[in-house]
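Under full-length UniProt numbering, think of the first position of the sequence shown as 1, with each following residue one higher. All C-beta atoms in this analysis are idealised placements derived from N, C-alpha and C, irrespective of residue type, glycine included.
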Amino acid sequence: MADALAHGADVNWVNAAEESRTPLLRAVAANSLLACEFLLQNGANVNQADSAGRGPLHHATILAHTGLACLFLKRGANLNAVDAEGKDPLSIAIDTANADIVTLLRLAKMREAEVAQGQAGGSTHSQPEEART
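Structure representation (C-alpha coordinates):
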(Lines of atoms letter the chains of each structure in order from A and count residues from 1; the text may use other names and numbers.)
(Lines give C-alpha, C1' and ligand atoms only; values in the text may rest on other atoms or scores of the structure.)
Protein backbone atom coordinates (compact mmCIF):
# COMPACT_ATOMS: atom_id res chain seq x y z
CA MET A 1 0.00 0.00 0.00
CA ALA A 2 2.81 2.41 0.91
CA ASP A 3 4.51 1.63 -2.40
CA ALA A 4 1.32 2.32 -4.36
CA LEU A 5 0.87 5.68 -2.62
CA ALA A 6 4.53 6.51 -3.18
CA HIS A 7 3.95 5.97 -6.89
CA GLY A 8 0.97 8.32 -7.00
CA ALA A 9 -2.01 6.10 -6.19
CA ASP A 10 -5.12 8.01 -5.10
CA VAL A 11 -5.82 7.28 -1.43
CA ASN A 12 -9.52 8.01 -2.05
CA TRP A 13 -9.82 5.97 -5.26
CA VAL A 14 -13.35 4.62 -5.76
CA ASN A 15 -13.78 1.11 -7.12
CA ALA A 16 -17.05 1.30 -9.05
CA ALA A 17 -16.94 -2.47 -9.59
CA GLU A 18 -17.14 -3.03 -5.81
CA GLU A 19 -20.05 -0.82 -4.70
CA SER A 20 -17.86 2.31 -4.86
CA ARG A 21 -15.57 1.03 -2.14
CA THR A 22 -12.41 2.93 -1.29
CA PRO A 23 -9.12 1.60 0.08
CA LEU A 24 -10.25 2.75 3.54
CA LEU A 25 -13.49 0.76 3.30
CA ARG A 26 -11.51 -2.32 2.22
CA ALA A 27 -9.22 -1.86 5.23
CA VAL A 28 -12.31 -1.68 7.47
CA ALA A 29 -13.61 -4.94 5.96
CA ALA A 30 -10.25 -6.54 6.78
CA ASN A 31 -10.41 -5.10 10.33
CA SER A 32 -6.95 -3.62 9.85
CA LEU A 33 -6.41 -0.80 12.31
CA LEU A 34 -2.88 -0.31 10.98
CA ALA A 35 -4.04 0.06 7.36
CA CYS A 36 -6.87 2.41 8.36
CA GLU A 37 -4.52 4.60 10.37
CA PHE A 38 -1.99 4.64 7.51
CA LEU A 39 -4.64 5.63 4.98
CA LEU A 40 -6.03 8.37 7.21
CA GLN A 41 -2.54 9.75 7.84
CA ASN A 42 -2.09 9.90 4.08
CA GLY A 43 -5.28 11.84 3.38
CA ALA A 44 -8.07 9.27 3.17
CA ASN A 45 -11.50 10.85 3.63
CA VAL A 46 -12.98 9.53 6.88
CA ASN A 47 -16.50 10.31 5.61
CA GLN A 48 -16.34 9.03 2.02
CA ALA A 49 -19.33 6.76 1.49
CA ASP A 50 -19.87 3.79 -0.79
CA SER A 51 -22.75 3.34 -3.23
CA ALA A 52 -25.09 2.49 -0.32
CA GLY A 53 -24.22 5.74 1.42
CA ARG A 54 -22.20 4.00 4.13
CA GLY A 55 -18.94 5.53 5.26
CA PRO A 56 -16.15 3.93 7.27
CA LEU A 57 -17.99 4.49 10.58
CA HIS A 58 -21.09 2.74 9.23
CA HIS A 59 -19.00 -0.24 8.11
CA ALA A 60 -17.03 -0.44 11.36
CA THR A 61 -20.37 -0.45 13.21
CA ILE A 62 -21.94 -3.10 10.99
CA LEU A 63 -18.87 -5.33 11.36
CA ALA A 64 -18.59 -4.68 15.13
CA HIS A 65 -15.06 -3.29 14.83
CA THR A 66 -15.09 -1.15 17.97
CA GLY A 67 -11.46 -0.09 17.70
CA LEU A 68 -11.99 1.16 14.16
CA ALA A 69 -15.16 3.00 15.17
CA CYS A 70 -13.16 4.75 17.88
CA LEU A 71 -10.42 5.65 15.39
CA PHE A 72 -12.91 7.14 12.94
CA LEU A 73 -14.58 9.18 15.67
CA LYS A 74 -11.19 10.54 16.75
CA ARG A 75 -10.53 11.46 13.12
CA GLY A 76 -13.78 13.42 12.77
CA ALA A 77 -16.22 10.92 11.27
CA ASN A 78 -19.73 12.32 10.88
CA LEU A 79 -21.91 10.73 13.58
CA ASN A 80 -25.08 11.89 11.86
CA ALA A 81 -24.37 10.63 8.34
CA VAL A 82 -27.21 8.43 7.09
CA ASP A 83 -26.98 5.68 4.51
CA ALA A 84 -29.39 4.98 1.65
CA GLU A 85 -31.75 3.31 4.14
CA GLY A 86 -31.78 6.40 6.36
CA LYS A 87 -29.71 4.78 9.13
CA ASP A 88 -26.94 6.49 11.01
CA PRO A 89 -24.20 4.51 12.79
CA LEU A 90 -25.99 4.69 16.16
CA SER A 91 -29.21 3.21 14.78
CA ILE A 92 -27.17 0.43 13.15
CA ALA A 93 -25.38 -0.29 16.43
CA ILE A 94 -28.72 -0.45 18.25
CA ASP A 95 -30.23 -2.72 15.58
CA THR A 96 -27.27 -5.11 15.83
CA ALA A 97 -27.25 -4.96 19.65
CA ASN A 98 -23.61 -3.90 19.80
CA ALA A 99 -23.46 -2.42 23.29
CA ASP A 100 -19.84 -1.28 23.05
CA ILE A 101 -20.38 0.73 19.88
CA VAL A 102 -23.75 2.05 21.11
CA THR A 103 -21.99 3.38 24.20
CA LEU A 104 -19.10 4.79 22.17
CA LEU A 105 -21.44 6.58 19.76
CA ARG A 106 -23.71 7.92 22.52
CA LEU A 107 -20.70 9.32 24.36
CA ALA A 108 -19.48 10.91 21.14
CA LYS A 109 -22.92 12.47 20.55
CA MET A 110 -22.95 13.81 24.11
CA ARG A 111 -19.50 15.31 23.59
CA GLU A 112 -20.60 16.82 20.28
CA ALA A 113 -23.62 18.40 22.02
CA GLU A 114 -21.43 19.77 24.83
CA VAL A 115 -19.05 21.35 22.33
CA ALA A 116 -21.96 22.88 20.40
CA GLN A 117 -23.50 24.20 23.61
CA GLY A 118 -20.16 25.64 24.70
CA GLN A 119 -19.76 27.46 21.40
CA ALA A 120 -23.31 28.81 21.49
CA GLY A 121 -23.46 29.84 25.13
CA GLY A 122 -19.87 30.38 26.11
CA SER A 123 -18.05 28.43 28.75
CA THR A 124 -20.17 26.46 31.19
CA HIS A 125 -17.38 26.40 33.79
CA SER A 126 -17.21 29.10 36.41
CA GLN A 127 -14.07 31.16 36.63
CA PRO A 128 -11.99 31.25 39.81
CA GLU A 129 -12.46 34.36 41.98
CA GLU A 130 -9.05 35.78 40.98
CA ALA A 131 -9.94 35.64 37.27
CA ARG A 132 -13.17 37.60 37.77
CA THR A 133 -11.52 40.59 39.39
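Simplified DSSP assignment, three categories, for residue i
i	result
R21	strand
Short Cβ contact (8 Å threshold) for residue i with residue j
i	j	result
L25	H59	yes
V82	L90	no
E114	L79	no
V28	G76	no
V11	N42	yes
L73	N31	no
C36	L71	yes
A84	G55	no
T61	A108	no
Residue i Cβ short of 7 Å to the ligand ADP heavy atom set
i	result
H58	Judged by which ligands are present, the structure shown has none, so any question about the ligand ADP falls away.
Exposure label - residue i; buried when at least 16 CB within 10 Å
i	result
L34	exposed
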